[in-house]
Structures are given as C-alpha cells and as structure tokens.
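Number of protein chains: 4
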Amino acid sequence: MSKLFFASDYQEGCHPAILERLAATNLEHAVGYGYDPHSEHARALIREACAAPNAEIQFLVGGTQANEVVISCALRPWQAVVAATSGHVSVHEAGAIEAGGHKVIELPEHDGKIGAAQVEACATAWETDGNRDHMVQPGMVYVSQPTECGTLYTRAELEALASACHAHGMLLYLDGARLAYALAAPENDVTLVNLARLCDVFYIGGTKCGALFGEAVVVPDPATIPHFFTQIKQHGALLAKGFVTGKQFEVLFENGPQADGAQADGTQHGPQADGTQHGPQADGGQRRTQGRLYERLGQPAIAAARRIKAALGEKGIPVCMENPTNQTFLVADSALLARLDGRVEYGFWERLDAEHTVIRLATSWATSEQDVDDLLALL
Amino acid sequence: MSKLFFASDYQEGCHPAILERLAATNLEHAVGYGYDPHSEHARALIREACAAPNAEIQFLVGGTQANEVVISCALRPWQAVVAATSGHVSVHEAGAIEAGGHKVIELPEHDGKIGAAQVEACATAWETDGNRDHMVQPGMVYVSQPTECGTLYTRAELEALASACHAHGMLLYLDGARLAYALAAPENDVTLVNLARLCDVFYIGGTKCGALFGEAVVVPDPATIPHFFTQIKQHGALLAKGFVTGKQFEVLFENGPQADGAQADGTQHGPQADGTQHGPQADGGQRRTQGRLYERLGQPAIAAARRIKAALGEKGIPVCMENPTNQTFLVADSALLARLDGRVEYGFWERLDAEHTVIRLATSWATSEQDVDDLLALL
Amino acid sequence: MSKLFFASDYQEGCHPAILERLAATNLEHAVGYGYDPHSEHARALIREACAAPNAEIQFLVGGTQANEVVISCALRPWQAVVAATSGHVSVHEAGAIEAGGHKVIELPEHDGKIGAAQVEACATAWETDGNRDHMVQPGMVYVSQPTECGTLYTRAELEALASACHAHGMLLYLDGARLAYALAAPENDVTLVNLARLCDVFYIGGTKCGALFGEAVVVPDPATIPHFFTQIKQHGALLAKGFVTGKQFEVLFENGPQADGAQADGTQHGPQADGTQHGPQADGGQRRTQGRLYERLGQPAIAAARRIKAALGEKGIPVCMENPTNQTFLVADSALLARLDGRVEYGFWERLDAEHTVIRLATSWATSEQDVDDLLALL
Amino acid sequence: MSKLFFASDYQEGCHPAILERLAATNLEHAVGYGYDPHSEHARALIREACAAPNAEIQFLVGGTQANEVVISCALRPWQAVVAATSGHVSVHEAGAIEAGGHKVIELPEHDGKIGAAQVEACATAWETDGNRDHMVQPGMVYVSQPTECGTLYTRAELEALASACHAHGMLLYLDGARLAYALAAPENDVTLVNLARLCDVFYIGGTKCGALFGEAVVVPDPATIPHFFTQIKQHGALLAKGFVTGKQFEVLFENGPQADGAQADGTQHGPQADGTQHGPQADGGQRRTQGRLYERLGQPAIAAARRIKAALGEKGIPVCMENPTNQTFLVADSALLARLDGRVEYGFWERLDAEHTVIRLATSWATSEQDVDDLLALL
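Written out as structure tokens, the structure is:
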C-alpha cells in the first residue's frame, strides 16, 4: 500500500476539468489583468450564483493575500478588524494584517466562531469609552466559513452578525477559503446568495477547493472598496495573466452536466486523473451530478470525512472540534501514531501530553474511496 | 486572415512542455509552500544554472509582487531605491514601493538604462550632504534586463554598476521579467552566472517567458534578506500550492533534448499547442535544441522581432528605442494605423502628434512564423 | 564682537510674550490633549483670523510631522502628492511621506514654485493614460509659502493652483512653516483669509515664527480629514499637555496692543529678553504695533533681510534665488568666506566651484538691528 | 474652596526650575535638532545617572510617540512586541504600533505586570511551533515602570525578564512615562543604573514628571537601533528646536542643591510657582534635598498618594489595583461621587454597577499638601 495523504486539502494540483480547460485554451490570445473574456464570463457566472448583479469580483491568488488586501483596502487607518482568537488573520498570516497597518482585535472563540453578542459588546465598548478617540475603532468583523475548526455558521448566526455589524457601522467580511466544503455539507444552510446578501465582502476559495490557485473576492456593493483594482496592483496582487485564474473560476461556476457531467468531470481520464470518481458511491447515490462544479466539488471530501468520523466513533477514538466539514481533529495516542507514521501524512495540531496528540485528517475533492478504505484499515 | 496579436508577451497560457508537466503530475500529493520535491528540484537546477550553490531561491507570482517584496524586504526603513525614470518601479506599479515605505529616487535614463557614474554621483551626493541624516540613504539600485525599452545592459556595464553599488554599501537588484529574451539575443553577453556574481538579488521572469505565472527570486547570499520566507508570507505572496510554480521552473530549467527536444517540446500536440514549432526555420537553423528551455525559449521571439525590425527598415518606417530584444517600438502614421486597426493587436505607447503615434509590437515564445508573415504583409 | 547667528530662523527659544504667558499660567490645571480653554481660545482666534468659522484646527509639534500627518491622513492609499523638486517633502524629510505609503510626484520648480499649468498637465496625464489604473493618482498638491527658496506665491497664482486642483479632484495643501515672514513682507498679497478660502489644508508655522515649537493645522472643511484626532494620536503626534501649544498660539493670535503693545512685547524685560526691540527703527517707523502678533512678528526679520540684500547689492556680491522674505542666498567667494568664518554662523547651501559657495543668511523675529550692523560691517 | 485637580499627572505646566532655565536661556542661539550644548549636556548627565557611558540618548516629545518610534525602529518587519493586555501600547495608542507594521502579542497581566515565565512560554511556543515561519516572531517585550496600574517591577523581576528576553533573542523595552514616581517610591528597588544594565531600550518620562513635554529614550548599546536619528526624522518626531527638550532634561538631571536646592527648586517664587513647596513636611522630613531633581521630583506625589491611601483605608473605602506610586484607584459609591462632583477633577476608570464606580486619583510633582488636605476633607 502506498502512502496516504490526509495532511491538508491543498496537496494536489487541480480538478481535471480545470486542467482540461487550461489545455484547450492555452494558446488563445487575451488581454491581461483580468479583462479577458474568460474572466468576465467567470464574473458573470459568480454574480449569477450569488444573485448579486452589481457585485465587483476580483480574482486574487491566495487566502492570506485575499485577507491582507481586502482588510487593508476596506478599512480606514483608524479602524481595526475583529476576529476570533483562532481566526486565520489572528495567528497564521505572519502579521500581514498589522503590516498593513491594522490591529486585529481578538475575541474568544466558541467552536471556532464568534457571536453577534460579542460583536455588539465590542462595538459598544468602543462607542461608550471616554477614551475612544485614543483607541482604534472596530471597523470590520472577520469570520471564516467553514471556520478554522471546520465548524459552520448557520444562516441565523450570520444574519445576527450582519445586523450587529451594520448597526454599528462595521463591515462583515467572510473568508471562504474552504467554502466548497461548507456548501457540500448537508448541515449547511448558508448559500452563496445568502453570503452576498449578508456580507459586505467575502471570498470564494479556489486554492483549497479544486483550483491550482485563486480566490474570488466578491464585493456586492462595489462602493465598499473604492479603486480596488489599483489597490490590488499596489499590493503586488494583480496577476498579469489574469485569464489563468478567470478560466479556473469559469470552470468552477459553469453549470453541469454539459460542462461537468459524467464526461466532463474527467472520468474518462482514468483513475490517476480523477479525484472525484468514487464520489457517487461514497454518498449513497445522492451526489448531485448537475449544477455548478463549485457546489458539487466538495461532496467526496464530505463523504470521506463522514466515513472517517464514523469509524473513529466506532473505535472509540476521541474527536475534538467536532464539525460537519472536511477536517477531522482527533486525539491520537502513541500507539495510533506509531501505526500511522510513515503510512499516512496527517496534520500535527497540538501535543496534549506525553501520550496524546491532536492530529488533523483533511479530505478534499481529490480524496478517493480507496484512500479512505486504506486509512480506516490503519485506524 | 484572423487577428494578429502583438500587444504584449503575456497574452497566452504557457509553453506546452509546462502544461504537460502540470497534467502529468496533477494528482501527485505534495506538501505546500514550496517545500515539495518539484520546487526543490527547480531550485537545484537554477542554482546550477547560476553557479550559485548557496543561493536562496523563492518563487513569487508576478513581477510587481517580486519588486515590491524584494525591495521592501531588502531595504531598511531609512533607505531608498534608485531607478531610472523609465523603471517599472518608478511608474507602473501603482506606488507599490512607496506603499511599502520606500522612496524611489529617479535618475534620468539613457536608452532605458542608468550608468555607474550616475549611481556614484547619487551615492556621493548623499554621503557628502551636510543634511544627509535628514535624507533617505540610497540603499539599492534597481535595473531591468532587458530594460523597459528592450535594451540590454552589457556585462561591462553591469560590472561597473555592481562596483559602484558595493563601493557605497548599496545592493544591486535586477528585474528579469523578460530575462529569457535577453538570454536569447545574440548581442547579449550577460549570463545567469554573471547575474548571480554581480547582483545581490535578481529575479528570473516566468510570466512573460513561457510560464502561466511565476518569478524566481535568486538571492546569491541568503544573508542579504533575513527571514525572507516569513516576510513573503506577510506580504501575502506565499503560494499555498507552491509546487505549481516549482513545476513550471523545473521544466524551464531542465536540460534538453531529453526534457525538451523535438518530442518534449510539444510538437506532437499539433499546431495549436506548440508556439515554438516554427522556430528552427526562423533563425536560420541556428536555434539550439539542447540546453535549458529557459535559455532557448526566447529564440523565436527574437527571430520574429528581427524580421519585423528589418521589414520596418526596408519600408522606411521609423523605429524608436532601438533594441535587440523582443519589443519593437515604431512611429506609425495615420495610414499605417488604419491598416493595422482591427487586424493587429498592438500596444499603444505615446501620441506624438495628430499624425504620428508610437506603438509597440511585442513578440514572445508563442509567436509563430506565420504570425510574422501576416504582420509583414500588413505593414 | 561676539559671534553672529544667521544660520537659521529656529536658533532661539520663543518670543518673550509667549514665555511670559507660559510662566503666568504654569500651574493652572487643565485637561490634556488640546481640550483645554487656552487651546480652544487659540482655535477661536485662528478661525477668526482666517474667517473660517467651521475650520478644524489641530496643533502639531513640528513641520515634518505636520506634513507627514496631514498628507498621510488626507490621501487615500492609491493617491500621491505632487510637489516641486525643491519641496521640503521631496528632499528633507527622510522619506517620511513614502514611509507613510505615498509617492511624491516631483515637478520642476521655477523660483521654488510650481504653477497651475504644471498641475493641470500632471493631472491630465494621469487621467488620459490608458494604464492609469496601474499608476498612483495625483491626489494633492503641496506648496510652501514662503517657498523653500524664500519666494512667494501671489494670490493669483494660488487661485489658479486651487482651481486646477479642484477641477481634477485634488486637494491643495500649503506648508506655512515660515508663514509669518510671508505675511510680514510688503510684496505679499496672500492673507490668512485667502489661504482658508483657497486651500483644503494648510498649517500656520510656529517653530520658525516665534514659538518654542508648534504648528497649527487648519482644515477649513473638517470633512476633508475624517477622524483626524485619532489619526494624530496614531502617528504619535498628539501632545499630552496640548495646552503648552495652545497657549503659544493664543499669544500669537491675540490682538495687540493690549496683548502685545510696547509693554507686552517684552521691552521691559531688558535686552536679553527682547528680540524685537529694535524693530520700530528698523522699518522706518512703519511697523505695526497693533493687530495679531503673528502678523507683526516677522517684520524685524524682513527689515533685516532687506538691509542685508541692499548691502550685498551695493558691494556687488551676487545673490541667488532672489526673494522678498527672510532668507538671503548669496554666492560667497573664498575671501568672503574667510572673513565670515568663526564670526558668523550661516547656512551652507551648495559649493559651486573651488572658489564659490552658495550660503544662506536667515533672519528671524529675534534678529536685532545690532546683529545686522555687525554683519554688514563684516561683509 | 476652589476646585481640586486629581485627574492626571499632566495637568500643569512644568517644574519651576525648568521654566526658569527656559527663561534664562531663551535668546541664546543654538543649532537645531538636538546638537546644541544643552542637549549634549543633558545626555552626559543622563549617561552618568545611568552609568551607561556609551548610551545613545534621543529626546522625543511624548510617550505614545516614544513607544511608536522605538518599537518601529528596533523591530524588524517579521517581529512582534509582547505586552500585557493592560499595556499602554495594547490599548491606548490608537493602533500606533500596528500602524507601524507590528503586531502586539497580548499576555494576561497580573497587577499590571507580566512575568518572565510568561515571556519564556511565549517565546518557546513560537520557537517550537511547526508553523512558526507563518507567524510573527516575538522580538521584544514591552513593560512599564510604574505599570499602567501604578505597580512596580522589582529588580529581581526585571532581571528575570531580561534573562528570558535575552535567552530568546528578544529585546527588553521599558516605558518610563511615570518613572520619577517609581524612583521616588520607598518600595522601589530599581535604579536608573539597573534599567540601563537590564533593558535594551527604555525611556525616562518627562511629560508626566515635571517637564512641559519630552521623553529621553536611552539605548545603552547604540547598535541596537541603527540610524536612529534619521528614523526619528522620518517619523516626524524630530524637534527642530531640540534644545527646548535638552534644557528641560538638563535641569531634571543636574545635581542639587547647587542646581536645585532650596533656592533653585523655586520656593522663592511663592506659592503659585512652586508645586513642591510642601514636600518636606509631607514625607516626615525624609525628603532628599540633594541629588538629581528627577530622582526627587516625585516625592511630594508619593507622599500625597500615601496620605490619600491611608485615609481611604481609615474610612473603609475600597481600593483596587493597590500600588506604591502616585495613582490611587478606588471604588466610589454614588454618595461619594456626589460629594466629589464639581469639587474634584478625578479620572473615571470603570463603572462596576449602578452604585459603584472605579475612579482614579492621580497626584504629581505639583500636588500640594493643601490640595490633599482639602481632598481628604471631602472624602
């Protein structure tokens, strides 16, 4: 048995349909900087998927870049962003937000989330502080969907957050690095249309969701970020061959089955080219084979994660940060780690004590049923 | 006759050999952030090509990003970068260098270049100014090879620049966005080995030289930029799937013909997939079919540009900013513009008067002989 | 004869009337950060002097700080400031503007000034450039009154500049570090009321005009710079004991002779405490002894400079950068330098050749007739 | 009875001896930017007081400015500063540290302090994190002496902090905004000499300790912050008339009684000019009348605070954040607040519930015995 890869959801290239499109259009000539027809088409498809006909959509390259650029461009100098202590911007971006001039006000997380009441309290504390002019103003709330813990905000929670933000003049920004895995989770009740209605800015993650790279930043009301294009350029975040990102999101947001049915999703390429081929069996035949690829692409990852979680439950292996998406956090004892080492690539999370370690098993659009079978055999 | 595309050298996807590699390795599993074997292999190949065994090599996504990140990370807060008035950092980066905190000291250009004597004078002016502690210190010289005008620094000129820089404690940084077109020009006497010996930092451009995207920043002495990786992350410039860039530079720096001979360079894909197929005829049979793809890839562009320049000369159409690389700047009168409009995509440069306009015709690795034939028929 | 001091206009403490006020009110208790009654009174007086009843007025500590804070707070990230090559922000602020993230677009100066036509051309160049979204937008024009060369903008010139700025959506910002010397020059036709009508922001210099330190930034329409107070704090530019600056500007803008007549201007303190005592004779009896101290305080400096300029003319010593204010730039040959050395502190400006050097002789509110007599004896 | 002022320690002008010096030297001519003899003398005196003969000493204007400039100039871009959640840099500087590009890592405070073990844990967590290259490096520890709660670090605590910092390559920076009140507290065992030995940078506060404004930044090893002068200029923090600050610190660090004995400390100016006149009685005759003014100047404030604290204890009014310096935090019920309102200016701190509020009573060098008598009568 060859090594198994569950370390992260960005270990492989891209969904075969994307690679096909890149190959088929490789020598087309196009203007740069995202003004090409593929990028414009992708924007139109995303606007339609979001029911946000006026949205400005800019394609960036990665998640930290998206967060850094959006926060820097949307906030004014006297404003800070509010995030969970576990938020990606709080911890894992090498100080990118502060390097852009803004404080991250960290609020305690609950299951990786922050709530409207916390936001209310934070905003009110600033508003009523006699020294508030000596303090940064909370100007934006940052949340992730799914969160860094794999949990999901419900639509009601997001509506409450949006109300709290807007009642206090704050923007709501949602980081959708793994959004496809939220959209594919049966427990999820937050659609792209909801996001475009509730958020002032959000991004649809490509890097972790089947693209070679790329994140689509959606600004439902373009006035929210003036001169966004020039600011993107200034941040070094403008891709000369913008059409490379545009083509990827075009594929992700086209409607199947024509664009991405049994034929188009790559099954004819053989096993090595098709990360999703076992999907239909995996989810008991309920997998959608129609609709936008982006909304279907996370399904094998969710199915795989459910099998893993179920197996852990059966074997009595403790799970932490329970969640309905593609990440599984478990407490591995030394014996289990010994069984996995050298056989499975996993994510180290935290050492609890000499005998116990929290590890992460991430599934993705590219995880096959066979991969999961082999993993479960090892557990 | 279909439309002809001479507007820029980043209008197409990538060299077919790169696309093949991406397809062949698409579902390989790899760690992120450039620690994967492809990226490490690409680094080893570049170090070898540069005879710089200790060099730190980081893959970034685009040229403005490379300039912004390198300058910001290499300079200290009290330092400025010195560049030609025509330098890309002076004009076309939306203030990215200043947004990073550094002044661009602009020196007059001559054929797009600045000389060692100018750098000497600039450094000495600061050193001998009684108010120098109230002024930014010239800490780096920025040059491009080829320049924004398509001209080339000679090895002697670069050696003089390096001497001037190092005599005054300045770094020499070279922007190689179009470096493949310098390396392919017969007039060029500056090799990658020379660059690694003379420059403190330089980047090998991929975006305009056959890659989908990507620039390889080479730091011959890694101590020049401490904690470069973390700073790249902080700038939002770290690609999660670093292997996508790594694979591209791996292909560009592998040795042919095994890796990139008649078979590997994609001719079996048919005409639509092979931008370089007409190359051998174009340059009179002298085209190298061995060696690193990056050092061969610019040849069809140079051959095409020479044919265009020769034709302009024959027809008496004035050329400005004469240069030996892939960009041709010409003065088009209204009649010529009328003949080109709708038939040829070109780059608008500058309106001289009601009757005359400077336009740019750029060739690339993807320009075919037929494209040039058709263009010359129109001229 | 003791040494003579003509090196700059900030070599002494403050006008005696200011020192008196500080002493008389030293142990008053007051709230901090500029909310005290003296600061509020000073603001009211300045608003009245400027006929700008709604103006926001913030007291900063120094000129570079005022420029850095105002430009940083008034511009948006994608904007640049336009200035003469000789502008203080272009050269002598150690890159403070760029450290704040903004490019300084330098235009050629004529007598230290830039003209409306230049501003028009600069704005139009950006507006009509096909690549303007890749370039910083000229968002503000920076001028100094008097200029760094001591020259004055006329009211007509400022009106033209303001029109050009406002026609292109740019702010007009005026640096009044030496404004008292402009207001005291007979050639000047630009009043504080004119400045408040034409400029979007300007500052009234205290440091070089009789204060221990301090500059009063005037924003006729406060909406021009939102959250200015918090941004000042963020820049480390908010003085805890704001009343120290407030008291100084209160004295400078109170009306004499009650506040600053024969008695109040300090003559009773004896020679060592009164820098202006010889003033009345110096200007042939035309010196105003009524009105705001700030508008009278430059008179002895102007009178002294006129005597120096006249003497240079008589002796045939060449003057450069001719101007009607308190700085005199002259070409000194070696013999003259030898006569001055050790006897006179002057400002070194530029070495022309082995035999000739440009030096600056600056007068101030503290220059006495005797000082000038002694200097002329040496020339 | 007139109103009583206990709201803060920066409500008055300056110690009378400083005002005298400014008056006596007002029309002296001097070079700018801190190169004058007074500033150099002040530096020599501070070096001597700190037993730090090589220290670089720069005079800045205020505390937030000192923090912002020091932290920005001493840290490299990939580094963060570690501070207590109650640290001034964490809360009350309007995001100045982040605007300078650096994250503030907040650690829980205990009596306003952080301990060596916390610093150790923070540094080790970063060092051992597998993702540390994606995180900012803790590069500096920020502490205040006295803390924002008025408490004091012991010499042993500072030694442990310094050891922890230096073991992990971190700088130790101490904010001495109220340092005179630490030095005057009998409980204090940390001298200026200790600070210069243990800290990499610290500042001696003037604004809250008897000066009109000004903080003296001490860098025992000047190599710690290269090009500090130019960076200060770049931050807009360089005072043109540096001698105004220099003279103040000259007075504060001269040795009495010659320089500041019975005569020099201003008692001959009468009640309105001498904030310290009642001191000798206040501390039972133990007040030093010799030595540096800075080391004596806090004594009346400490004596006054002790009387207030004793009175609160006698009356059973609860004190919170107990401390030995010049700030007293007490829980006032509605009846007490009613007695104080309109009679005493105090600092509002926090509302505990409808009936109870934490308020601050701050004493200073300017607090008289009579002020305390009157306050106690009200309590």
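Protein chains in written order, with our numbering: chain A, 1 to 379; chain B, 1001 to 1379; chain C, 2001 to 2379; chain D, 3001 to 3379.
Note that beta-carbon positions come from the ideal geometry of N, C-alpha and C, so glycine has one too.
Remember, it's a predicted structure, so these values are computed and weren't measured experimentally.
Based on Cα-Cα distance, which residue from the options lies nearest to residue i?
{"i": "A2366 of chain C", "options": "C:R2343, C:A2301, C:C2320 and C:V2070", "result": "C:A2301"}
{"i": "V358 of chain A", "options": "A:L337, A:K3 and A:L19", "result": "A:L337"}
{"i": "T2154 of chain C", "options": "C:G2112, C:P2138 and C:L2252", "result": "C:G2112"}
{"i": "G3139 of chain D", "options": "D:L3352, D:H3227, D:R3307 and D:S3072", "result": "D:S3072"}
{"i": "H2038 of chain C", "options": "C:T2207, C:I2018, C:G2256 and C:G2298", "result": "C:I2018"}
{"i": "H1041 of chain B", "options": "B:D1200, B:S1334, B:E1157 and B:N1255", "result": "B:N1255"}
{"i": "A3044 of chain D", "options": "D:F3249, D:D3373 and D:E3187", "result": "D:F3249"}
{"i": "A121 of chain A", "options": "A:Q290, A:H168, A:Y294 and A:A185", "result": "A:H168"}
{"i": "E2068 of chain C", "options": "C:G2100, C:H2227 and C:K2241", "result": "C:G2100"}
State the Cα-Cα distance for the pair residue i and residue j, rounded to the nearest angstrom.
{"i": "Q2281 of chain C", "j": "F3202 of chain D", "result": "Note that Q2281 of chain C scores a pLDDT of 36, beneath 50, so its modelled location is shaky; the value from the coordinates is reported in the next line. One C-alpha to the other measures close to 51 Å."}
{"i": "L1375 of chain B", "j": "T1128 of chain B", "result": "54 Å"}
{"i": "G1214 of chain B", "j": "L2361 of chain C", "result": "56 Å"}
{"i": "L1131 of chain B", "j": "M2170 of chain C", "result": "Correcting the residue identity first, residue 1131 of chain B is Asn in this sequence and not Leu. The straight-line gap from Cα to Cα measures roughly 31 Å."}
{"i": "T2383 of chain C", "j": "L2312 of chain C", "result": "Look at the range of chain C in this structure, 2001 to 2379, and you will see that residue 2383 of chain C is not part of it."}
{"i": "Y3346 of chain D", "j": "N323 of chain A", "result": "51 Å"}
{"i": "D3175 of chain D", "j": "F3229 of chain D", "result": "19 Å"}
{"i": "Y2173 of chain C", "j": "V2104 of chain C", "result": "13 Å"}
{"i": "K3003 of chain D", "j": "E3109 of chain D", "result": "35 Å"}
{"i": "A2051 of chain C", "j": "Q3370 of chain D", "result": "45 Å"}
{"i": "L3195 of chain D", "j": "R3296 of chain D", "result": "18 Å"}
{"i": "L2198 of chain C", "j": "E2159 of chain C", "result": "7 Å"}
{"i": "C2209 of chain C", "j": "V1217 of chain B", "result": "51 Å"}
{"i": "I1204 of chain B", "j": "R1178 of chain B", "result": "8 Å"}
{"i": "L3378 of chain D", "j": "R3343 of chain D", "result": "9 Å"}
{"i": "L1352 of chain B", "j": "T2124 of chain C", "result": "16 Å"}
Quick one: which chain B residues come within Cβ less than 7 Å of residue i?
{"i": "H3134 of chain D", "result": "K1233"}
{"i": "G2130 of chain C", "result": "F1348"}
Quick one: which chain C residues come within Cβ less than 7 Å of residue i?
{"i": "T230 of chain A", "result": "W2078 and D2133"}
In chain A, which residues lie less than 7 Å from residue i when you measure between Cβ atoms?
{"i": "E3098 of chain D", "result": "E98, G101, H102 and K103"}
So which residues on chain A does residue i lean against when the C-beta distance must stay under 8 Å?
{"i": "L1238 of chain B", "result": "G62 and T64"}
What residues of chain D sit near residue i, judged by a beta carbon separation below 8 Å?
{"i": "A94 of chain A", "result": "W3078, D3133, H3134, M3135 and V3136"}
Please determine whether the Cβ atom of residue i lies at a distance below 7 Å from any heavy atom of the ligand ATP.
{"i": "L2238 of chain C", "result": "Of ligands this structure carries none, so the ligand ATP is not represented either."}
At 8 Å on the CB atoms, spell out the chain B contacts of residue i, in chain order.
{"i": "H3168 of chain D", "result": "In chain order: nothing, as chain B lies at least about 15 Å away."}
Name the chain B residues that come within less than 9 Å of residue i, Cβ to Cβ?
{"i": "H3227 of chain D", "result": "R1076, P1077, W1078, Q1079, D1133 and Q1137"}
Could you run through the stretch 2062 to 2081 of chain C and flag, in chain order, every residue whose CB is less than 9 Å away from some CB of chain D?
G2062, G2063, T2064, Q2065, A2066, N2067, E2068 and V2069
Alpha helix (DSSP H) runs wholly inside the stretch 2036 to 2100 of chain C, at least 4 long, in chain order:
2037 to 2050, 2063 to 2074, 2088 to 2091 and 2096 to 2099
What residues in the stretch 1202 to 1213 of chain B bring their beta carbon closer than 8 Å to a beta carbon of chain A?
T1207, K1208, L1212 and F1213
For the stretch 2122 to 2156 of chain C, list the beta strand (DSSP E) runs that are entirely contained and at least 3 residues long, ordered along the chain.
2137 to 2144
Contiguous alpha helix (DSSP H) assignments of at least 4 residues, all confined to the stretch 310 to 369 of chain A
334 to 340
Segments assigned alpha helix (DSSP H), at least 4 residues, entirely inside the stretch 2174 to 2235 of chain C
2179 to 2183, 2192 to 2198 and 2228 to 2234
Can you give me, in chain order, the residues of the stretch 1240 to 1255 of chain B that have a beta carbon less than 8 Å from any beta carbon in chain C?
none
Residues of the stretch 3330 to 3363 of chain D with Cβ closer than 8 Å to any Cβ of chain A, in chain order:
F3348
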